[in-house]
Every structure is written in structure tokens, then in C-alpha cells.
Amino acid sequence: QAGIDVAVVSGGEVWVHAGTYYERLTLPPFVYLYGGFSGTETARDGRDWAANTTILDGQSGGSVVTVLPGERISAIDGFTIRNGRGKSGGGVYCPSSSPMILNNIITGNSASSDGGGIFSGNSFSPVISNNTIKGNIVTGDNSQGGGISCENSSSTITNNTIRDNRASVYGGGIYFESGTPTIANNTIIANGGAYGGGVYCSSSSGTLANNMIIANGASYGGGVYCVSSSLTIAGNTIVANSAVHGGGGIYHYGSSPAVTNTIVAFNSSGICQSNAKTPSL
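Just so you know, we're using my numbering here: the sequence shown kicks off at 4 and counts up by one.
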């Protein structure tokens with residue numbers, strides 16, 4: 004944290020040596036925090052964040068990384084973020100902020116309300132890309148987003164592996180409400196929730212494109228659950244998902260998604276509609 008405090012005077016990059024750091028960080032605007040350094044690099048492009056593991060361990064004392072409010076003017080890049088626990092955003096908590104969350108492993112975190120791995124709320128355009136988000140959980144009577152929870156946001160969620168996350172209610176892998184997300188080129192696998200094992204989308208438009216949505220499970224909407232939304236669902240592979248009551252592949256309630264060029268196959272059931280809306284196929 005001391006290195007970040009120095010950088011925030013005028014903003015800038017903080018390079019972090021490989022190792023395990025038992026602490027929780029607050030990331031202010033204009034600070035770009037990079038892990039994965041061996042200590043010999045002279046340029047950021049010389050680091051190997053996959054080989055030089057840099058761990059932030061929250062010791063179950065709160066969110067591991069909290070991003071202070073601001074636009075897309077900060078970054079957390081190249082870390083393993085683990086063992087966080089909070090009401091929202093056990094791994095990364097982003098209220099009214101739009102950071103870049105890149106090249107991280109976000110694992111083993113928990114929340115009691117929103118976003119076991121990542122929570123982003125009232126944020127214009129956060130970028131969540133090239134991360135592995137696995138083994139996170141959100142519990143509670145109205146819990147949302149085992150891996151990622153985004154509310155009132157136009158997030159870009161691309162090129163991530165989102166697997167083995169759990170929500171006791173909504174959106175095992177990704178939960179999205181009230182926004183225009185771009186969710187593209189992700190592998191969303193083996194997540195679980197009561198509504199929307201892989202992806203849950205409420206009161207939103209936006210795009211779900213070119214994702215692999217595989218082996219997720221739910222009571223309703225094993226792969227994707229849409230409610231009151233007009234999501235464009237294009238170019239996805241939605242296979243081997245299961246739902247106890249309906250929509251093993253896709254379940255939509257009061258929604259009119261446009262489903263094009265998408266493989267929906269080998270699920271417990273295909274596409275289920277409820278409340279008199281018809282998808283565009």
C-alpha cells in the first residue's frame with residue numbers, strides 16, 4: 004500500500020515484485036498497479052505475470068481490492084486476488100468507478116450480496132478482460148453474481164475464463180442489471196445459480212457474443228437467463244447446460260432477445276420462454 008500512496012501524489016504506475024502480500028488495497032484514480040515482475044525488468048512489457056506469481060491475499064478481512072470512484076483512470080493487472088470477503092465484491096469492489104481489470108486470477112473470494120469475485124456498480128465503462136475468475140461464491144437471500152456482478156453499468160467483459168463460481172440465487176457466472184454490456188469471447192463453464200447458471204441479465208440490452216457457455220446449471224436458465232431484457236445473443240456456443248425446471252440452454256421471462264448464429268445443443272432442454280414474449284431467432 005505504501006507504494007500506491009507514493010504514486011497517487013501525481014499518479015503513475017506501481018510495479019510489484021512476485022510474492023505473496025497479505026493485505027487489502029485501495030486503488031485511487033490515476034494509479035495503475037501491475038504485478039508479475041521478477042525485479043530485473045526495465046520495461047513493463049518485459050514482465051511475465053503468469054510465471055512471476057504475485058498474490059494479494061485478503062485474509063477474509065474485506066474486499067481484497069477497492070477501487071475509489073472515478074472514470075477509467077486506474078488499473079489492476081497481473082495479480083492473483085484471493086481470500087477476500089465482503090458484502091459486495093469479495094475480490095474486487097468497484098463502486099462508481101470504471102477501472103481496467105486485466106490479466107488477473109480472481110479466486111476463492113466470497114460476498115454476502117453481490118459479486119463474489121468482482122462487483123461493479125453505477126459505473127460507466129469498466130473493462131474486465133483476460134482474467135481467470137474461478138471458485139468464487141456469493142451467498143444470501145438475494146445474492147447476485149458468483150463470478151461477476153455489474154449493476155447500472157456498460158461493462159466490457161471479454162476474453163475471460165469464468166468457471167466454477169456459485170450464486171445462491173442469481174447468476175452463477177455473470178450477473179448483469181440495467182445497462183448495455185458487451186460480453187464477448189469468454190469461456191463460461193461449470194457455474195451454478197438458481198436463476199442463470201452461466202449468465203443472468205435483467206432490464207438490460209447489450210451483446211452476448213462469441214462465448215462458450217458450457218456445463219452450467221440452474222433451476223431456471225442453465226446457460227442464460229434473461230428477464231425484461233432485449234439482449235443480442237449472437238455467435239455463441241451454448242451446450243451441455245442443465246436446468247431443473249426449464250431453459251437448459253436459454254430461459255427468458257418477459258424478454259425479447261435476438262438469438263442469431265448460436266448453437267444451442269445437448270442441454271437438458273433448449274430455449275424456454277415465459278410471459279408471452281417471443282425471441283427473434
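Using N, Cα and C, we set each Cβ at its ideal position, and we do this for glycine too.
Query, Result
"Selected residue, minimal CA-CA separation from G138, among G176, H255, N278", "G176"
"Pairwise C-alpha distance: I121 and V12", "For V12, the predicted model reports a pLDDT of 48, less than 50, meaning its position is unreliable; a value from the coordinates is still stated below. Distance between the alpha carbons of V12 and I121 is about 27 Å."
"Chain-order list of residues whose beta-carbon lies under 6 Å from that of G118 (same chain, five-residue window excluded)", "S91, G92, G148, S152"
"Helix, strand or coil at R27 [DSSP, three-state]", "coil"
"Beta-bridge partners of Q276, as assigned by DSSP", "H255"
"Enclosing beta strand (DSSP E) for W18 [first to last residue]", "15 to 20"
"Span of the beta strand (DSSP E), counted from its first residue to its last, around I76", "No beta strand (DSSP E) contains I76, which DSSP labels as neither H nor E."
"Limits of the unbroken beta strand (DSSP E) element including L234", "Where L234 is concerned, there is no enclosing beta strand (DSSP E), given that its DSSP letter is neither H nor E."
"CB-CB length for N213 against V242, believed under 8 Å", "At roughly 14 Å, the Cβ-Cβ gap does not stay under 8 Å, so N213 and V242 are not in contact."
"Alpha-carbon to alpha-carbon, L71 and V17", "16 Å"
"Simplified DSSP state of D343, which is helix, strand or coil", "Outside the displayed span of the chain (4 to 284) sits residue 343, for which this structure offers no information."
"8 Å Cβ cutoff met for N188 and T161", "yes"
"Beta strand (DSSP E) segments (min. 3 residues) lying fully within the stretch 171 to 202", "177 to 180, 185 to 187, 190 to 192"
"DSSP bridge partner residues for V67 (one or two, in chain order)", "According to DSSP, which records beta bridges pairwise, V67 is partnered with nothing at all."
"Other residues of its chain near L105: CB distance less than 6 Å, five sequence neighbours each side excluded", "D80, S132, N133"
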